[in-house]
Amino acid sequence: MTGSVRAVYRAALACALLFQNPPNPPAGQNPPAQRPPVFRGGTNFVLVDPYPQRDGRIAEGLTAADFEIREDGQPQQVEMFEFVRVEPSLSESTRRDPNNQREVEQLAADPHNRVFVVYLDPLHTTVAGSHNIPAPLVDALNRIIGPNDLFGVMTPNLDPRQIVFGRRLISLEEQLTRHWAWGERNSITPDPQDPMEQQLQSCFYCHPALKTPCPNWYVNDGARSRLLHEVLIDRRREDRTLTSLEGLIGHLAGLREARTVALAITDGWLLYRDNPDVASQAGAAPSGAPPITVNPGGRIGVATPARGELPDRGSCNSELLRLAQLDNDRRFRDMLRTANRANVSFYPVTPAGLGVTDRPITEAAKPNRNNPPGVTPFTENMRNLTERVDTLRTLAENTDGIAIVNTNDLNAGLKRIVDDVSAYYLLGYYSTNTKFDGRVRSIQVRMKPQGLSVRARGSYVAPKPPPGDVAAAARAGPGLAPARARDAGRAVGRLAVLRARLGLAPGPAPQH
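With the first letter of the sequence shown counted as 1, position 304 gets the number 304 in the numbering used here; the numbers rise by one all the way through.
Right, here's the structure in full:
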């Protein structure tokens with residue numbers, strides 16, 4: 001949706017919400033006649049849904065005068081204000097799934113309807129964790145999902161555009177119960193959904209049980225040495241997960257303006273950085289090495305591939321160099337900023353509960369001669385576990401969510417999430433900055449009453465210049481103007497459907 005059309009759409013949506021739920025008039029007075037919404041041409045309407053709390057609970061009974069909103073330090077006038085409490089529907093019979101994608105988009109665009117995404121991260125969840133989570137997760141969703149809310153499920157192997165949003169939980173419960181062993185973390189076999197993992201294992205795996213000559217490919221991984229192919233696979237899995245989360249945030253940003261809650265079921269990430277020792281192994285992959293297989297029983301052998309299926313040396317070495325030079329710490333910080341602008345809040349949950357070490361204590365590993373003073377493989381194993389948990393806490397704190405970590409009582413932890421998302425406020429304002437420059441603008445929400453804390457989105461991206469600039473469209477190249485026209489038509493169509501759904505008369509034409 002282009003800039004000016006998007007601004008008009010936001011303004012119309014806010015006005016529609018106001019007239020859908022008008023304030024109650026004083027006793028003895030007749031309610032005032034509803035006036036048609038007024039479109040403010042050339043302005044940008046911003047929606048904020050703050051969570052003011054007192055003693056860990058949502059503070060009710062507040063008014064617009066209790067909130068102070070600033071954009072880039074400039075005070076803003078609250079034009080829309082509403083308190084929303086959602087009562088969940090525990091009966092599956094009362095939940096109706098949307099009929100098509102168009103209905104999904106209409107429901108998601110309404111800030112009264114909450115949207116939840118359950119992100120299952122099998123690459124960083126153990127089998128024990130995937131066994132523990134189904135019952136507490138489904139119970140929490142039953143207590144969260146209201147009659148008009150939507151939820152969807154995503155994994156790293158799913159394109160965000162293919163998420164199916166619905167309301168009925170029975171299919172999710174059946175799938176999680178039937179396929180409870182979906183956790184793949186610390187697995188000795190490559191992910192069948194990722195052919196490159198098999199390539200890396202075939203190129204760099206060496207085991208004494210094999211009678212073929214091969215080097216012992218151990219590389220430094222912190223305070224210890226590990227098999228090269230295992231280090232590469234761990235790095236690739238984290239890279240895949242972060243790429244998936246980036247895609248999810250981008251998709252949700254285009255789906256709605258109001259807050260979206262993402263329940264991330266994962267043990268967390270180490271945020272790998274550049275590793276020169278791994279990079280030094282580039283060029284070591286043999287040409288035409290026989291693929292190595294590990295069957296479910298743990299037996300190791302050499303596969304007999306079909307002709308033309310031998311691992312490619314160039315692909316293995318190229319992927320090794322890419323994985324050795326990752327900077328996932330920087331990517332993670334960028335992802336936090338993007339999620340905040342998109343109004344996506346993460347609630348990470350570690351399903352394995354309390355842990356002692358990051359990897360199994362029985363895992364074979366060689367000591368590293370280049371250990372930092374005072375650091376042993378065991379102590380670093382414990383430190384890595386702490387780093388994963390700290391990463392999840394950082395994710396939650398910077399996106400206005402709650403991290404459920406370091407607990408074996410998943411039911412109690414998920415209940416905290418249920419309580420946190422059960423009620424919220426909707427505030428809207430017309431930005432005093434009327435420029436359509438596509439820049440990031442900060443939002444500061446403060447509470448005037450004493451003793452209140454508040455969580456709210458910290459920024460948003462302003463619309464880009466309006467599409468009416470014919471000269472700019474011509475300079476941008478052929479085909480751009482028709483694309484903008486299509487976006488404008490879709491926006492107007494969605495606005496008309498929304499107004500009809502709310503029982504409002506057709507609105508006036510947008511003024512520019």
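Ideal placement from N, C-alpha and C gives every residue a C-beta, glycine not left out. Just so we're clear, the structure is a prediction, and the values are computed from it rather than from any experiment.
Neighbour-count burial assignment, residue i, 16 or more Cβ in a 10 Å radius
{"i": "His124", "result": "buried"}
{"i": "Glu60", "result": "exposed"}
{"i": "Leu323", "result": "buried"}
{"i": "Val138", "result": "buried"}
{"i": "Thr126", "result": "buried"}
{"i": "Gly401", "result": "buried"}
{"i": "Thr94", "result": "exposed"}
{"i": "Arg70", "result": "exposed"}
{"i": "Phe151", "result": "buried"}
{"i": "Asn132", "result": "buried"}
{"i": "Gln77", "result": "exposed"}
{"i": "Ala140", "result": "buried"}
{"i": "Glu257", "result": "buried"}
{"i": "Ile144", "result": "buried"}
{"i": "Asp110", "result": "buried"}
{"i": "Ala289", "result": "Only weak support is given to the placement of Ala289: the predicted model assigns it a pLDDT of 48, under 50, and the question is left unresolved by the model."}
{"i": "Gly507", "result": "Its pLDDT being 42, under 50, Gly507 is placed unreliably in this model, and the value from its coordinates should be taken loosely. Looking at its Cβ environment, which holds 16 or more other Cβ atoms inside 10 Å, Gly507 is buried."}
{"i": "Phe204", "result": "buried"}
{"i": "Ile170", "result": "exposed"}
{"i": "Ala412", "result": "exposed"}
{"i": "Asn381", "result": "buried"}
{"i": "Ser453", "result": "exposed"}
{"i": "Arg57", "result": "exposed"}
{"i": "Glu82", "result": "buried"}
{"i": "Val153", "result": "buried"}
{"i": "Arg102", "result": "exposed"}
{"i": "Asp121", "result": "buried"}
Which residues DSSP lists as bridging residue i, in chain order
{"i": "Thr260", "result": "Val115 and Val344"}
{"i": "Glu71", "result": "Gln74 and Ile443"}
{"i": "Tyr534", "result": "No information on residue 534 is available, as it lies outside the stretch 1 to 512 that the chain covers here."}
{"i": "Asn220", "result": "Ser225"}
{"i": "Ser459", "result": "Ser442"}
{"i": "Arg178", "result": "DSSP lists no partner for Arg178."}
{"i": "Leu232", "result": "None; Leu232 has no bridge partner."}
{"i": "Ser577", "result": "In this structure the chain extends from 1 to 512, so residue 577 is not present and cannot be described."}
{"i": "Glu82", "result": "Leu426"}
{"i": "Ile265", "result": "Leu120 and Val349"}
{"i": "Ile404", "result": "Val349"}
{"i": "Lys366", "result": "Ser225"}
Proximity below 8 Å, CB of residue i to CB of residue j
{"i": "Pro160", "j": "Gly247", "result": "yes"}
{"i": "Asp49", "j": "Tyr425", "result": "yes"}
{"i": "Glu68", "j": "Arg446", "result": "yes"}
{"i": "Val115", "j": "Ala108", "result": "yes"}
{"i": "Val84", "j": "Val261", "result": "no"}
{"i": "Val104", "j": "Phe165", "result": "yes"}
{"i": "Asp329", "j": "Arg273", "result": "yes"}
{"i": "Phe332", "j": "Leu427", "result": "no"}
{"i": "Ser130", "j": "Gly183", "result": "yes"}
{"i": "Ala342", "j": "Ala253", "result": "yes"}
{"i": "Val405", "j": "Leu414", "result": "no"}
{"i": "Arg224", "j": "Lys366", "result": "yes"}
{"i": "Pro535", "j": "Ser244", "result": "For residue 535 there is no data in the structure shown, the boundaries of the chain being 1 and 512."}
{"i": "Cys316", "j": "Leu200", "result": "yes"}
{"i": "Asp149", "j": "Val86", "result": "yes"}
{"i": "Pro531", "j": "Asn142", "result": "An answer regarding residue 531 cannot be provided, because it is not within the stretch 1 to 512 covered by the chain."}
{"i": "Asp97", "j": "Arg168", "result": "yes"}
{"i": "Leu263", "j": "Asn384", "result": "no"}
{"i": "Asp267", "j": "Arg185", "result": "yes"}
{"i": "Val278", "j": "Leu320", "result": "yes"}
Residue i at chain B interface by Cβ criterion, 8 Å
{"i": "Ser244", "result": "Protein chains in the displayed structure number just one, and chain B is not present."}
Span of the beta strand (DSSP E), counted from its first residue to its last, around residue i
{"i": "Gly428", "result": "Ala423 to Tyr430"}
{"i": "Leu150", "result": "Leu150 to Met154"}
{"i": "Ser53", "result": "The question names Ser, but residue 53 is Gln in the sequence shown. Unbroken beta strand (DSSP E) run through Gln53: Tyr51 to Arg54."}
{"i": "Leu47", "result": "Phe45 to Val48"}
Residue range of the alpha helix (DSSP H) that includes residue i
{"i": "Val62", "result": "Just to set this straight, residue 62 is Leu in the shown sequence, not Val. It is not in any alpha helix (DSSP H) - Leu62 carries neither H nor E in the DSSP assignment."}
{"i": "Phe165", "result": "Segment: none, Phe165 is in no alpha helix (DSSP H) and carries neither H nor E."}
{"i": "Gly129", "result": "Val127 to Asn132"}
{"i": "Glu380", "result": "Pro377 to Glu397"}
{"i": "Ser202", "result": "Pro195 to Phe204"}
{"i": "Ile417", "result": "Leu410 to Asp420"}
{"i": "Val104", "result": "Gln101 to Ala109"}
{"i": "Arg313", "result": "Arg313 to Ala324"}
Pair every Cβ in the segment 190 to 207 with every Cβ in the segment 163 to 182, then say whether three or more of these pairs are closer than 8 Å.
no
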